[in-house]
Every structure is written in structure tokens, then in C-alpha cells.
Amino acid sequence: MTDTVPQYLPGAHTAMSRDEALAIVDRLVSHLRNETTDMAPEQLEIPISDYLDEDLWEREVKEIFHQIPLPVCTSAELAGVGDYKAMRVVGREIVLVRGKDGQMNAMLNVCRHRAMKLVTGGCGNARRFSCSYHAWTYDTDGRLIGVPGEDTFGPVDPDDYSLVRLPCEERAGIIFVGLTAGRPLELDTWLGDALPYLEALELDKCTHFMTKELAGPNWKVTLDGYLEGYHFGALHPNTVALTNHTNRMTHDRFGPHVRNVFALKSLDAMMDRPRDEWDPAAAMGLVYWVFPGMSIAGGWRERTVISIILPGDSWGESMTWQATLLRTPPTTAEEIAEAQKTAEWFFAAFRDEDYTAQTDVQNGLPSLADKHMIIGRNEIAVQHAHESVRRLLAGESVLGPR
Ligand code: FES
Ligand SMILES: [Fe+2]
Numbered sequence: 084m085t086d087t088v089p090q091y092l093p094g095a096h097t098a099m100s101r102d103e104a105l106a107i108v109d110r111l112v113s114h115l116r117n118e119t120t121d122m123a124p125e126q127l128e129i130p131i132s133d134y135l136d137e138d139l140w141e142r143e144v145k146e147i148f149h150q151i152p153l154p155v156c157t158s159a160e161l162a163g164v165g166d167y168k169a170m171r172v173v174g175r176e177i178v179l180v181r182g183k184d185g186q187m188n189a190m191l192n193v194c195r196h197r198a199m200k201l202v203t204g205g206c207g208n209a210r211r212f213s214c215s216y217h218a219w220t221y222d223t224d225g226r227l228i229g230v231p232g233e234d235t236f237g238p239v240d241p242d243d244y245s246l247v248r249l250p251c252e253e254r255a256g257i258i259f260v261g262l263t264a265g266r267p268l269e270l271d272t273w274l275g276d277a278l279p280y281l282e283a284l285e286l287d288k289c290t291h292f293m294t295k296e297l298a299g300p301n302w303k304v305t306l307d308g309y310l311e312g313y314h315f316g317a318l319h320p321n322t323v324a325l326t327n328h329t330n331r332m333t334h335d336r337f338g339p340h341v342r343n344v345f346a347l348k349s350l351d352a353m354m355d356r357p358r359d360e361w362d363p364a365a366a367m368g369l370v371y372w373v374f375p376g377m378s379i380a381g382g383w384r385e386r387t388v389i390s391i392i393l394p395g396d397s398w399g400e401s402m403t404w405q406a407t408l409l410r411t412p413p414t415t416a417e418e419i420a421e422a423q424k425t426a427e428w429f430f431a432a433f434r435d436e437d438y439t440a441q442t443d444v445q446n447g448l449p450s451l452a453d454k455h456m457i458i459g460r461n462e463i464a465v466q467h468a469h470e471s472v473r474r475l476l477a478g479e480s481v482l483g484p485r
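When we follow the working numbering, the leftmost residue of the sequence shown carries the number 84, and every step to the right adds one.
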């Protein structure tokens, strides 16, 4: 795979001011010179049963995933009126569709007649949705607009039998959905100080290039692998570690959300040049994590890779949607081929290295069922994510400085 490793492009799309970006580069330079990284005050022990306990997994689903705003898709993927995407999210069938007014709608993708899955084809563009069972028809707002043979079926009031709408809002080019009908998302409060940084990424101005899906193991096992750079050298010697330093990271947090910045190897030469010549975007592997399951890897100027990880139907399953967004739409066949190669390369590294390792982790867990996992001080964002889960299950706030 070495010969296809994409190069980091010079540029300054860092989603923050140059001074702020340079302050992070200063921290990375200090870590490189001193062989350090941002660290938690202590190590953290997590009982293996926290991963294996199916009752706890059900509480996580009901008390966290069914309650909080979930980032489920990028706005760029559903940019046009009528663009839709059907997804199975944490055991619920949902459909996202951009209505005639440009607003994003989220509905349960379940026909109100006899519960048939309404939209079966994944993604597309439609003006209405017709159920394949008895052809009840709904518009893009979920309103029931047609019942064949209603004179024999009997009257059906659309006020009672339209699709169940779910709370849905967009911020910063991200589509958020709540899985409990009627429960407000309160997104500005939820995203807090992370929101301006997410908005500065300008994901809403990007072009969606492709999305690939990947089934994985337990959501926490999968999540752990996204949040630290301690594993780069060992697990990714021929991919990620060619361009990223191992175990050299800054960590900042905004309530449950985090920003991890990994030191890129291009920083080695840059840090010996005068500071005003530094190009932060070329030195920072910038990753925002929107709790509970969205990684925005925007360290590259032209490409942003967004991974959305959510629990599947049982404790041992998760689903990942990995989307590639481009700042400049490719026009020539050569540019399209290059974008394709890069997106495939990135996806393959996740699939063949991270997800293979995480599946092995899951398979190993039962053998250590009565023991603990130990999370290092350098795995600070992993600690933070587990602390957020613990707090939410305890009914405590995760917002504000922590
Ligand atoms: S179940 Fe959809 S029309 Fe009958
Ligand atoms: Fe990895």
C-alpha cells in the first residue's frame, strides 16, 4: 500500500485562526522535542464487564443514544431538494430527506399501515415515497398523501397516519437526529464551544464524493481506536504512521466533544524554520470528535474524511459510515481517479487495520471477563469518552468545561 500513500498538501485550512493554529503547533513542537504528549492526570481502569455486559449496553442505547442528538450524516451528502438516505441507526429504521423548503426532515422509515419498511433503496432523490406493500404514499415531509382503495379500506386521517417525524436539525454541515419523537435537540447548548470550530470547517460548502459502510464490533471497542495516536506505529506502520508521529498529540475538549491534533511528520522539517514560515495545516493531523460517534479528520486541505460510528442491533455490533468530502469538486477524469484512490486508501486502512484489530479485541474480551482494561494517561481522549458515558448513565451533565 506504500506506493499509494497520499501526500499531505500544503495549505492553511485549519478551521481556526492562524495564531490559534500556531499555538497548537507550538504544543506539538514541544511534544516532539521533549518526547511527550498531552496526558490525563491518572491511568483509568475500566472493568471488562463494561464492554461485555449486555444489560449495560441496553442502558447505553436507551439512556444515551435514544436521548442525545446523534450526528448521522453530512449536509453535503443530501444537498438537493428530495435527496434522501435510509439508514438503520441504533436499531431504528430512519429516513432523512431534504424537503421542498430546503429543510432536512427525519422520519421513522416505517409505513403507518402495517409497519413495512418504506424506503428500501439506501440513497436517492424522490418527490414522494410509495410503500411497496399496499402503495400508501407519503410526501418528503412524511405526510400521508395517498391511500389506494380508501373507499373500501375506510377513511384514514393523515393527521393520525403520517410518518413519525423525529427531531432533526443541521449545524456546521452536519445532520443531527434525535431518536425520541418530540424531544428537542437543544443543539446549540449540546455543541457549546465546539460549534464555532465545527462551523469554521465549512463542511456545508464541501462536495460529497463518496460514502462507504463498514460493519464493526461493539461501539465502545470501535470508538476507543479513533481517539488515540498511541497505536499508530504498531498497528499502522505502512499507512497512518508514514505521515503521523506516534504518541504525539494535543487534546482539547468542549463538553463531551474533543479536538485531537496529531503531529504530522512534515512538522520535523518545518519546526527548524522561522515560526512565521510555518504552515499549520501541513503540520497538524486535526481531528474533531463529535460525541458520541463522529470523527472529522480535516487535517488535509482538500479532503475531509468523516466517520460516523453508531451501535448496531446488539452489543457486539456497530456500523460505520465513512464519507469523503472535497473542498474543490473534481472535474477531470484524472482528478476523480485521484480522489477515488485516496478515499479507497483511507477506507482500506480503517477496514484492514483498525477494524480488524478491534474485532480481535472484542474476541479477546470474554477471556478476561473478570479483569480490567487499563487506559493510559496518553490515551486521554479515550478516558474522556468513557467518563462522558459514565456521567450520562448517572444522569450527570457532560456540558461545559471538564
Ligand atoms: S404496509 Fe405500507 S401500505 Fe401497507
Ligand atoms: Fe488507527
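Each residue gets a CB set at the ideal place from its N, CA and C atoms; glycine is no exception.
This one's a predicted model, so the numbers in the text were calculated from it and none came from an experiment.
As assigned by DSSP and simplified to three states, the class of residue i
{"i": "D86", "result": "With a pLDDT of only 47 at D86, under 50, the local geometry of the prediction cannot be trusted, and the value read off the model is given with reservation. Reduced to three states, the DSSP call for D86 is helix."}
{"i": "W292", "result": "Here residue 292 is Phe; the residue named in the question, Trp, does not match the sequence. Note: F292 maps to strand in three-state DSSP."}
{"i": "Q186", "result": "coil"}
{"i": "L273", "result": "Per the sequence shown, residue 273 should be read as Trp rather than Leu. In this structure, W273 counts as helix in the three-state DSSP scheme."}
{"i": "L92", "result": "Annotation note: pLDDT 49 at L92 (below 50); position unreliable, coordinate value reported separately. L92 falls in the coil class under three-state DSSP."}
{"i": "D166", "result": "strand"}
{"i": "A98", "result": "coil"}
{"i": "W398", "result": "coil"}
{"i": "M353", "result": "helix"}
{"i": "A298", "result": "strand"}
{"i": "R358", "result": "helix"}
{"i": "A406", "result": "strand"}
{"i": "L451", "result": "helix"}
{"i": "E285", "result": "coil"}
{"i": "L369", "result": "strand"}
{"i": "L278", "result": "helix"}
{"i": "T411", "result": "coil"}
Spatially closest choice to residue i from the options, by CA coordinates
{"i": "P124", "options": "A477, V472, G459", "result": "G459"}
{"i": "I147", "options": "G399, Y167, F374", "result": "F374"}
{"i": "D240", "options": "A298, V230, R248", "result": "V230"}
{"i": "W273", "options": "V260, G265, L284, D355", "result": "V260"}
{"i": "H455", "options": "T119, E118, E128", "result": "E128"}
{"i": "P250", "options": "Y244, L262, F212, T235", "result": "L262"}
{"i": "E462", "options": "A162, Q150, E141, F315", "result": "F315"}
{"i": "D121", "options": "A464, T411, L475", "result": "A464"}
{"i": "G312", "options": "A452, D276, H328, F337", "result": "H328"}
{"i": "W398", "options": "E282, D271, E141, L201", "result": "E141"}
{"i": "A218", "options": "D234, C194, T425", "result": "C194"}
{"i": "G165", "options": "V172, L153, L179, G174", "result": "L179"}
{"i": "T407", "options": "D224, T290, R175, S100", "result": "T290"}
{"i": "T304", "options": "A365, Y244, T403, K200", "result": "Note that residue 304 is Val in the sequence shown here, rather than Thr. Comparing Cα-Cα distances from V304 to each of A365, Y244, T403, K200, the minimum goes to T403."}
{"i": "G225", "options": "S215, L246, V173", "result": "L246"}
{"i": "N446", "options": "N301, E421, I419", "result": "N301"}
{"i": "I151", "options": "D102, E176, D271, G182", "result": "D271"}
{"i": "T333", "options": "Y371, G299, I258", "result": "Y371"}
{"i": "A431", "options": "L306, E479, K295", "result": "K295"}
Range of the contiguous alpha helix (DSSP H) that encloses residue i
{"i": "T235", "result": "233-236"}
{"i": "G447", "result": "438-447"}
{"i": "A106", "result": "101-117"}
{"i": "H467", "result": "463-476"}
{"i": "W428", "result": "416-432"}
Start and end residues, beta strand (DSSP E) containing residue i
{"i": "A365", "result": "From DSSP, A365 is part of no beta strand (DSSP E) but of the alpha helix (DSSP H) over 363-366."}
{"i": "F259", "result": "257-260"}
{"i": "E176", "result": "175-181"}
{"i": "G207", "result": "206-208"}
{"i": "M122", "result": "Here M122 belongs to no beta strand (DSSP E), and DSSP marks it neither H nor E."}
{"i": "M199", "result": "Taken as a continuous stretch (DSSP letters only), M199 belongs to no beta strand (DSSP E), as it is neither H nor E."}
{"i": "A264", "result": "Counting along the chain, A264 falls outside any beta strand (DSSP E), and DSSP gives it neither H nor E."}
{"i": "S378", "result": "377-380"}
Contact belief for residue i with residue j at Cβ below 8 Å, rounded distance in angstroms
{"i": "V388", "j": "M367", "result": "Contact doesn't hold; Cβ gap of about 15 Å is too wide."}
{"i": "G308", "j": "D437", "result": "5 Å"}
{"i": "A346", "j": "L111", "result": "4 Å"}
{"i": "L105", "j": "R331", "result": "17 Å between Cβ atoms; not a contact."}
{"i": "A264", "j": "L278", "result": "With a Cβ gap of about 25 Å, A264 and L278 do not count as contacting."}
{"i": "L409", "j": "F292", "result": "5 Å"}
{"i": "S158", "j": "E253", "result": "5 Å"}
Return the chain-ordered ranges of every beta strand (DSSP E) run that is complete within the stretch 126-163 and spans a minimum of 3 residues. Taken in chain order, the unbroken stretches of beta strand (DSSP E) that lie wholly in the stretch 126-163 and span 3 residues or more are 127-130, 153-157.
Mind listing, in chain order, the continuous beta strand (DSSP E) runs of no fewer than 3 residues lying wholly within the stretch 304-351? 327-337, 340-347
In chain order, each beta strand (DSSP E) run of at least 3 residues that lies wholly inside the stretch 211-251: 211-213, 220-222, 227-229
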